[in-house]
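Numbering (my numbering), first residue to last: 1 to 438.
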């Protein structure tokens with residue numbers, strides 16, 4: 001039986017919005033995290049389209065299964081979870097007064113955007129970040145605006161252009177958005193968005209760690225709609241925001257940026273960067289691939305660096321030789337990814353004499369995680385001020401400290417050198433620290 005709201009919520013909502021949120025949700029999906037999730041037949045048809053089916057073949061956390069074997073869940077299960085929380089969020093906000101500016105078409109478009117928000121996502125988690133590729137949000141927008149998804153979205157009562165614009169803020173409907181578009185964008189990407197609420201809870205559950213769990217029922221109860229800001233909270237919701245921020249920090253520290261995950265990510269990234277630079281592959285060939293398709297592609301092409309990807313596939317990850325906290329002033333030369341290959345060759349030449357074996361070629365990789373943000377731009381209604389300026393301990397300086405503690409420079413080297421790394425660790429560390437600050 002589909003979820004039904006309390007009678008008081010029904011009567012407070014406009015009839016067309018009520019219909020869009022509650023009628024026709026007859027198709028159940030059993031989810032390991034949220035239980036039964038109900039879709040309309042038209043939304044269920046979207047989950048059976050070829051672009052969505054690809055998401056079943058992309059693991060949500062890429063190489064994290066090397067550390068946490070349970071981390072084999074997919075982008076598809078996450079996407080369905082995001083849709084579920086997006087619908088719950090809209091039901092709550094509509095009952096709180098958002099029904100005065102919502103429309104049935106907008107509701108359907110937002111739910112489609114939530115379900116399809118990762119449609120253009122690259123394979124192997126975030127290994128392709130920093131490469132000269134289109135943003136996955138732009139690819140998602142293009143897929144929503146193209147067949148077969150376009151007609152399926154329209155059949156679900158949504159506007160394909162609006163659904164695409166909700167996801168792709170830099171393309172479809174870019175510029176100063178207002179009205180429903182601006183409202184839905186802030187709901188889908190904000191401090192307490194359904195994407196974050198699902199992936200933290202789902203990733204933590206599948207990895208078997210306690211850090212990601214969120215009290216979604218309580219969080220939703222403390223949210224209040226605002227036409228321009230999206231959602232506000234009251235002061236009773238501050239602990240829930242603090243929990244989410246700390247959960248995100250812990251998940252990055254323990255899971256997303258675990259050194260083995262960073263090793264595999266760095267190896268894939270270096271292999272594909274070399275393939276793009278040598279034109280062994282073209283950017284367009286990476287769009288629409290799943291995890292196995294990515295490895296199949298590099299096996300078919302000739303590029304010296306593709307051996308790194310094959311090593312990842314066979315489970316032979318590079319070892320961490322050095323870990324150094326990133327300081328932008330001291331280590332600024334590492335920020336430009338396209339120059340990092342030259343820097344890796346220079347550092348390999350510095351370290352090879354210490355190890356007694358050459359690291360030059362593809363034997364050394366410098367990894368610097370991209371900046372991570374901790375969104376806290378919420379307005380606290382009963383304190384009449386921003387969350388970061390309110391009674392929470394998580395002000396700007398605390399969030400800055402989170403980011404600083406997470407960004408670790410790691411130098412990874414071929415695992416054949418692992419024994420020598422232990423023997424000469426202090427010399428390698430001193431040499432690397434000196435070289436990085438030149």
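Think of the CB as a built atom: it goes at the ideal place given N, C-alpha and C, for glycine as much as any other residue.
Quick one: grab the DSSP three-state call for residue 67.
Position 67 of the chain shown, counted from the first residue, corresponds to residue 67. Correct three-state label for residue 67: coil.
With a threshold of 6 Å on Cβ separation, who are the neighbours of residue 376 within its own chain once the five nearest residues in sequence on each side are excluded?
Position 376 of the chain shown, counted from the first residue, corresponds to residue 376. So the qualifying residues of the chain are 191, 387, 388.
Along the chain, where does the beta strand (DSSP E) containing residue 255 start, and where does it finish?
Along the chain shown, one-based indexing puts residue 255 at 255. Careful: residue 255 lies outside any beta strand (DSSP E) and carries neither H nor E.
Using a Cβ-Cβ cutoff of less than 7 Å, which residues in the same chain neighbour residue 51 once the five nearest sequence positions on both sides are dropped?
Here residue 51 refers to the residue found at position 51 of the chain shown. Cβ within range, chain order: 119, 143, 149.
Quick test of the definition: if touching needs 3 or more C-beta pairs under 8 Å, does the region 68-81 touch the region 90-107?
Flag = no, the region 68-81 and the region 90-107 do not touch.
Have a look at the DSSP bridge pairing and note the partners of residue 29.
Sequence index remark: in the chain shown, residue 29 carries index 29 (1-based). Residue 29 pairs with 37.
Identify whether residue 144 lies in helix, strand or coil by the three-state DSSP scheme.
Taking the first residue of the chain shown as 1, we reach residue 144 at position 144. Residue 144 falls in the helix class under three-state DSSP.
Would you mind working out which of 83, 53, 90 sits nearest residue 74, comparing C-alpha positions?
What you label residue 74 is simply residue 74 of the chain shown in a count that begins at 1. For residue 74, the nearest C-alpha among the options comes from 53.
Does the Cβ of residue 425 have 16 or more other Cβ atoms within 10 Å, making it buried, or fewer, making it exposed?
Locating residue 425 in the chain shown gives position 425, where the first residue counts as 1. Answer is exposed; the Cβ neighbour count stays below 16.
I need the straight-line Cα distance from residue 14 to residue 186, nearest angstrom please.
One-based indexing of the chain shown puts residue 14 at position 14. One-based indexing of the chain shown puts residue 186 at position 186. Spanning the two alpha carbons is a distance of roughly 22 Å.
For residue 100, I'd like the list of residues in its chain whose CB is within less than 8 Å of its CB, leaving aside the five on either flank, ordered along the chain.
Mapped onto the chain shown, residue 100 falls at position 100. The residues are 14.
Residues in the same chain with beta-carbon distance under 6 Å from residue 138, minus the five sequence neighbours each way, listed in chain order, please.
In the chain shown, the residue the question calls residue 138 occupies position 138. The residues are 168, 171.
Throw me the rounded Cβ distance for the residue 340 and residue 417 pair, which I believe falls under 8 Å.
Counting from 1 along the chain shown, the entry for residue 340 is found at position 340. Counting from 1 along the chain shown, the entry for residue 417 is found at position 417. Actually they do not touch by this definition, with Cβ atoms about 20 Å apart.
Tell me which residue opens and which closes the beta strand (DSSP E) that residue 319 is part of.
Along the chain shown, read from residue 1 onward, the residue named residue 319 stands at position 319. Segment 319-325, the beta strand (DSSP E) holding residue 319.
Measure the Cβ-Cβ separation of residue 432 and residue 324 and say whether it is below 8 Å.
Walking along the chain shown from the start, residue 432 turns up at place 432. Walking along the chain shown from the start, residue 324 turns up at place 324. Yes, the Cβ-Cβ distance between residue 432 and residue 324 is below 8 Å.
Assess contact between the region 396-410 and the region 240-258, defined as three or more Cβ pairs (one per stretch) separated by less than 8 Å. Is contact present?
Touching, per the Cβ criterion.
So what does DSSP say about residue 408, is it helix, strand or coil?
Here residue 408 refers to the residue found at position 408 when the chain shown is read from its first residue. Residue 408 falls in the strand class under three-state DSSP.
With C-beta atoms as the reference, is residue 428 less than 8 Å away from residue 321?
Start at 1 with the first residue of the chain shown, and residue 428 comes out as number 428. Start at 1 with the first residue of the chain shown, and residue 321 comes out as number 321. Yes; because the gap between Cβ atoms is below 8 Å, this pair is in contact.
Cβ of residue 111 within 8 Å of Cβ of residue 87?
The residue you call residue 111 lines up with position 111 of the chain shown. The residue you call residue 87 lines up with position 87 of the chain shown. The answer is yes: Cβ separation under 8 Å.
Can you grab the Cα-Cα spacing for the pair residue 59 / residue 33, in whole Å?
Along the chain shown, one-based indexing puts residue 59 at 59. Along the chain shown, one-based indexing puts residue 33 at 33. Straight-line Cα distance between these residues: approximately 16 Å.
Could you tell me if residue 36 is buried or exposed, where buried requires 16 or more neighbouring beta carbons within 10 angstroms of its beta carbon?
As a working mapping, residue 36 is identified with position 36 in the chain shown. Per the 10 Å Cβ criterion, exposed.
Would you report the Cα separation of residue 237 and residue 394, rounded to the nearest angstrom?
To locate residue 237, count along the chain shown from 1; it is residue 237. To locate residue 394, count along the chain shown from 1; it is residue 394. Going by the C-alpha atoms only, they are around 14 Å apart.
Have a look at 279, 306, 379, 27 and flag the residue whose alpha-carbon is nearest the alpha-carbon of residue 229.
One-based indexing of the chain shown puts residue 229 at position 229. The shortest Cα separation from residue 229 among 279, 306, 379, 27 belongs to 379.
Does residue 367 come out as helix, strand or coil in the three-state DSSP assignment?
Residue numbering aside, residue 367 sits at position 367 when the chain shown is read from its first letter. It is a strand residue.
Tell me whether the beta-carbon of residue 440 lies closer than 8 Å to the beta-carbon of residue 200.
In the structure as shown, the chain starts at 1 and stops at 438, and residue 440 therefore has no counterpart that could be examined.
How many Å lie between residue 226 and residue 16 at the Cα?
Within the chain shown, residue 226 is the residue found at index 226, counting from 1. Within the chain shown, residue 16 is the residue found at index 16, counting from 1. In a straight line, the C-alpha of residue 226 is about 20 Å away from that of residue 16.
Who are the Cβ neighbours of residue 350 in its own chain at under 6 Å, not counting the five residues just before and after it?
Sequence index remark: in the chain shown, residue 350 carries index 350 (1-based). Excluding positions up to five away in sequence, the list reads 431, 435.
Who are the Cβ neighbours of residue 81 in its own chain at under 7 Å, not counting the five residues just before and after it?
Residue numbering aside, residue 81 sits at position 81 when the chain shown is read from its first letter. So the qualifying residues of the chain are 31, 33, 34, 198, 202.
Which term fits residue 176, buried or exposed, when burial requires 16 or more other beta carbons within 10 angstroms of its beta carbon?
For the purposes of this step, residue 176 is taken as residue 176 along the chain shown, with counting starting at 1. In this predicted model, residue 176 has a pLDDT of only 48, less than 50, meaning its place in the structure is not dependable; the value taken from the coordinates is given anyway. Flag for residue 176 reads exposed.
Using the C-alpha atoms, what's the distance from residue 164 back to residue 183?
For the purposes of this step, residue 183 is taken as the residue at position 183 of the chain shown. For the purposes of this step, residue 164 is taken as the residue at position 164 of the chain shown. Cα to Cα, the separation comes out at about 14 Å.
In this structure, what does DSSP give as the bridge partners for residue 74?
To locate residue 74, count along the chain shown from 1; it is residue 74. DSSP output for residue 74 lists 59 as bridge partner(s).
Report the three-state DSSP secondary structure of residue 379 (helix, strand or coil).
Sequence index remark: in the chain shown, residue 379 carries index 379 (1-based). Looking at residue 379 - three-state DSSP - the assignment turns out to be strand.
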